[in-house]
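Visitor:
Protein chains: 2
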Amino acid sequence: MNYCSLCGEAVVTRIPPGDNRQRHVCDDCGAVHYVNPKMVVGAVVEWGEEILLCRRAIEPRQGYWTVPAGFLEVGETLEQGAAREALEEAEADIVIRDLLSVINVTRVGQVHVMFRAHLEQPEFGAGEESLEVALFAQAEIPWRELAFPSVRFTLERYYQDRAAGVQGVHITEVGRWR
Amino acid sequence: MNYCSLCGEAVVTRIPPGDNRQRHVCDDCGAVHYVNPKMVVGAVVEWGEEILLCRRAIEPRQGYWTVPAGFLEVGETLEQGAAREALEEAEADIVIRDLLSVINVTRVGQVHVMFRAHLEQPEFGAGEESLEVALFAQAEIPWRELAFPSVRFTLERYYQDRAAGVQGVHITEVGRWR
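As they're listed, the protein sequences go chains A and B.
Position one of the first sequence corresponds to residue 1 (this note's numbering), numbered consecutively onward.
Position one of the second sequence corresponds to residue 1 (this note's numbering), numbered consecutively onward.
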C-alpha cells in the first residue's frame, strides 16, 4: 500500500496510538489501513465412494490437483462460499454437510476452511479456472500432484475419518509445500 | 475506497473481465482491489468451574460482556490470535485446548472462531479495551448483557457440551442482535 484509499494522499508506516503493530497510516485524513488474513473455503465433494478433484488452470500451482476452493466473498457464509466455488470451478451443484478442517496457512496470511459435501447429481465439468475435473476413488488420488498442503491435510483426515467411521473436525497449521 | 492504494489515482466500481462481482478497479494501473471478510478470534477461558468474561470499554457494545476476542492479525494462527486477545483484553495467560465454534456473521462480513481454553494461573486484569474482567460461574453469566450474538451462541454450546460431557465443534450463522 502506497496511497490512502480514502483520500489519495501518501501513507506512512508506523504504530498508531494505542496499537502495538506497524500499520499503513494516512497523516492527511487520519485513516489507519489494517491488513487482515483472508479466508479460503472449499469442500471434499463425494459421489458415492469417489470424490471430485479439479486440475488447476491458473497459477499458483497450475496443472496440480485440488478440491474446489477459493476466496470467501463478503456477503456469503463459509458454506455458501464453498458451494459457489464448486459451481465455478467444477460446474457442480453440491450439498454441504459438515465442517471437516480448518488450516492456518500463516506464512501467506490465510485460513482455509473445508467442508464435507456431496454432489446433487453426477454432473460436473471444467470451469474457467480448471483444466479438467474428475471423480477419483481413494486408490487413484494423485497424492504427489496435489496443489497445496491444506488439500493434502484435508484429504488425509477425510480418509482417516472415513476408515474409522467418524466425522471429525481437524485443525492444523501448514508451512511451505514439502 | 475512493483511490487506488497502489498508484493513488481514483478507482471506479465495475465487474473486471473474468469476474462476476463489482470490484474497485484502477483504470490507471490496472489493480483490482478485493474486499474480503475478516476473522475474529476468541476463547472461552476456564479457571476451574468458572469462565472469564470482559466488560467492553469500547464501542461497539461498550459496557456489555464478552469473552476475550478480536481481529486476527496477519502472521499469527487462529490459536495465537485468541491467546493474544486474552492477554490484551484480560491480561491473562491462557492455554488453547480445542476448537469450539465457528460463526458466520455475514451481515458485517465477519467470521468468528472461538476456542476452549484455560488460565495458566488465576491471574488477570482489565486491559485497555476492558472496563472490568471477572470469573463467572454458570449461574452468574449475564445472558442479557452479552455483547454479541456470537458470544451467546458460543457460551450456550459450551455449557450444553459441558453438561453432556462432550467437546463439540459448532458452526452457525447469526444475524442482528435479538
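Glycine residues also receive a C-beta, built at the ideal position from the N, C-alpha and C atoms.
If you're wondering where the values come from, they're calculated on a predicted model, not measured in any experiment.
Between which two residues does the beta strand (DSSP E) holding residue 98(B) run?
Guide: Counting along the chain, the beta strand (DSSP E) containing residue 98(B) begins and ends at 94–105.
Visitor: Residue 65(B) and residue 52(B) - do their beta-carbons sit closer together than 8 Å?
Guide: Cβ distance not < 8 Å, so residue 52(B) and residue 65(B) don't count as in contact.
Visitor: With distances taken from CA atoms, which of 57(B), 42(B) and 141(B) is nearest residue 101(B)?
Guide: The residue with the shortest Cα to Cα distance from residue 101(B) is 42(B).
Visitor: Output, in chain order, the set of chain B residues within a Cβ distance shorter than 7 Å of residue 199(A).
Guide: Any question about residue 199(A) goes unanswered here, given that chain A covers just 1 to 178.
Visitor: Determine, for residue 77(B), whether the minimum Cβ-Cβ distance to residues of chain A falls below 8 Å.
Guide: Residue 77(B) counts as touching chain A.
Visitor: Is it right to say residue 110(B) is buried, meaning 16 or more other beta carbons lie within 10 angstroms of its own, or is it exposed?
Guide: Buried.
Visitor: Please report how far the alpha carbon of residue 14(B) lies from the alpha carbon of residue 59(B), in whole angstroms.
Guide: Rounded to the nearest angstrom, the two C-alpha atoms are 33 Å apart.
Visitor: Of all the CB atoms in chain A, is at least one closer than 8 Å to the CB of residue 3(B)?
Guide: Answer yes: the Cβ-Cβ gap between residue 3(B) and chain A drops below 8 Å somewhere.
Visitor: Beta-carbon of residue 153(B) versus every beta-carbon of chain A: anything under 8 Å?
Guide: Closer than 8 Å: no.
Visitor: To the nearest angstrom, how far is it from the Cα of residue 46(A) to the Cα of residue 135(A)?
Guide: Going by the C-alpha atoms only, they are around 8 Å apart.
Visitor: Which partner residues does residue 39(A) have in the DSSP bridge list?
Guide: Bridge partners of residue 39(A): 111(A).
Visitor: Flag residue 131(A) as yes if its beta-carbon sits less than 8 Å from any beta-carbon of chain C, otherwise no.
Guide: Considering every chain present, this structure includes no chain C. Its protein chains are A and B.
Visitor: Which stretch, first to last residue, makes up the beta strand (DSSP E) that contains residue 197(B)?
Guide: Since the first residue of chain B shown is 1 and the last is 178, residue 197(B) is not available in this structure.
Visitor: Tell me the DSSP secondary structure of residue 81(B) in three-state form.
Guide: Helix.
Visitor: What residue range does the alpha helix (DSSP H) around residue 180(B) cover?
Guide: Since the first and last residues shown for chain B are 1 and 178, residue 180(B) lies out of range.
Visitor: Would residue 12(A) and residue 32(A) be called neighbours here (beta carbons separated by less than 8 Å)?
Guide: Going by C-beta atoms, residue 12(A) is not nearer than 8 Å to residue 32(A).
Visitor: Compile a chain-ordered list of the residues in the stretch 10–35 of chain A whose CB is closer than 9 Å to at least one CB of chain B.
Guide: Answer in chain order: 10, 11, 18, 20, 21, 24, 33, 34 and 35.
Visitor: Verify the CB distance criterion: does residue 173(B) have a CB-CB separation below 8 Å to chain A?
Guide: Residue 173(B) counts as touching chain A.
Visitor: So residue 39(B) contacts chain A; which residues on that side make the cut at Cβ distance below 8 Å?
Guide: Ordered by position in chain A, the residues that pass the 8 Å Cβ test against residue 39(B) are 36, 37, 39 and 111.
Visitor: State the beta-bridge partners of residue 3(A) as determined by DSSP.
Guide: Residue 3(A) is bridged to 10(A).
Visitor: Note down, in chain order, each residue of its chain lying with its Cβ closer than 8 Å to the Cβ of residue 19(B), except the 5 sequence neighbours on either side.
Guide: Contacts found: 32.
Visitor: In chain B, what lies closer than 8 Å to residue 128(A) by C-beta?
Guide: Simply 18.
Visitor: Alpha carbon to alpha carbon, what distance is there between residue 132(B) and residue 86(A)?
Guide: Roughly 46 Å between the two C-alpha positions.
Visitor: Any idea what DSSP makes of residue 124(B), helix, strand or coil?
Guide: Residue 124(B): coil per DSSP, three-state reduction.
Visitor: Using a Cβ-Cβ cut-off of 8 Å, state whether residue 73(B) counts as contacting chain A.
Guide: Closer than 8 Å to some Cβ of chain A, the Cβ of residue 73(B) qualifies, so yes.
Visitor: Return helix, strand or coil for residue 89(B), following the three-state DSSP convention.
Guide: Residue 89(B): helix per DSSP, three-state reduction.
Visitor: Leaving out the 5 sequence neighbours to the left and right, which residues in its chain are closer than 8 Å to residue 61(B) when beta-carbon positions are compared?
Guide: Only 147 and 148 meet the Cβ criterion.
Visitor: In chain order, what residues of the same chain lie with their CB nearer than 6 Å to the CB of residue 168(A), ignoring the 5 residues before and after it?
Guide: The residues are 161.
Visitor: By the criterion of Cβ-Cβ separation under 7 Å, what are the contact partners of residue 52(A) in chain B?
Guide: Ordered by position in chain B, no residue passes the 7 Å Cβ test against residue 52(A), which lies about 21 Å from the chain.
Visitor: Which whole-angstrom value describes the C-beta separation of residue 84(B) and residue 91(B), a residue pair presumed to lie in contact below a C-beta threshold of 8 Å?
Guide: Between residue 91(B) and residue 84(B) the Cβ distance is about 12 Å, and since that is not below 8 Å, they are no contact.
Visitor: Taking the alpha-carbon of residue 165(B) as reference, which of 172(B), 171(B) and 157(B) has the nearest alpha-carbon?
Guide: Considering only alpha carbons, the answer is 157(B).
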